[in-house]
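A.B. asks:
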Amino acid sequence: MNAWTWRPTLALLEDGKVLDPDTTTMLGVNGHMPITAQEAARIADFLDTYLNGLPADGRVRLDGTVTTDPDTHQFHRADLDRNYSASTEWLRTFRDFCRAATEGFTCG
Numbered sequence: 366m367n368a369w370t371w372r373p374t375l376a377l378l379e380d381g382k383v384l385d386p387d388t389t390t391m392l393g394v395n396g397h398m399p400i401t402a403q404e405a406a407r408i409a410d411f412l413d414t415y416l417n418g419l420p421a422d423g424r425v426r427l428d429g430t431v432t433t434d435p436d437t438h439q440f441h442r443a444d445l446d447r448n449y450s451a452s453t454e455w456l457r458t459f460r461d462f463c464r465a466a467t468e469g470f471t472c473g
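Quick note on this note's numbering: the sequence shown kicks off at 366 and runs consecutively.
1) Can you find the residues in the same chain that come closer than 8 Å, C-beta to C-beta, to residue 434, ignoring five residues on each side of it along the sequence?
2) If you run the structure through DSSP and keep just helix, strand and coil, what is residue 430?
3) Using three-state DSSP, classify residue 373 as helix, strand or coil.
4) Helix or strand or just coil, what does DSSP make of residue 459?
5) From which residue to which residue does the beta strand (DSSP E) around residue 471 run?
6) Near residue 402, which residues of its chain fall below 8 Å by C-beta distance, leaving aside the five closest residues on each side in sequence?
Have a look at this one:
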């Protein structure tokens, strides 16, 4: 996982009102942010629902739109937001991690 994947993941969680803006900001700047067991479970529950509507080959972009265009890993200088996306595979992995985090976890 890297910033190109993490940023759209955080945007998705904030837009879905799973985490508040202050928390997502701290998670985005390596702020050594603890996530409680309840928050981790809430993330997993949200992603369960969200993933039901996401194509297997889908990617969520930074602005929340979904694409099934493959990621070429080309760096887009003219439109930096195109570099960010969270794949269905990554979101499943993160959901499973959050589900298993029965004591919460810390990012940063």
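We treat Cβ as the ideally placed atom computed from N, Cα and C, and that holds for glycine.
C.D. replies: Answer, in terms of the structure:
1) For residue 434, where only same-chain residues beyond five positions count, the Cβ hits under 8 Å are 424.
2) Three-state DSSP puts residue 430 in coil, outside helix and strand.
3) Of the three classes helix, strand and coil, the one that applies to residue 373 here is helix, per DSSP.
4) Assignment of residue 459 by DSSP, reduced to helix, strand and coil, places it in the helix class.
5) First-last of the beta strand (DSSP E) with residue 471: 470-472.
6) Within its own chain, the residues whose Cβ lies closer than 8 Å to the Cβ of residue 402, once the five positions on either side in sequence are excluded, are 466, 467, 468, 469, listed in chain order.
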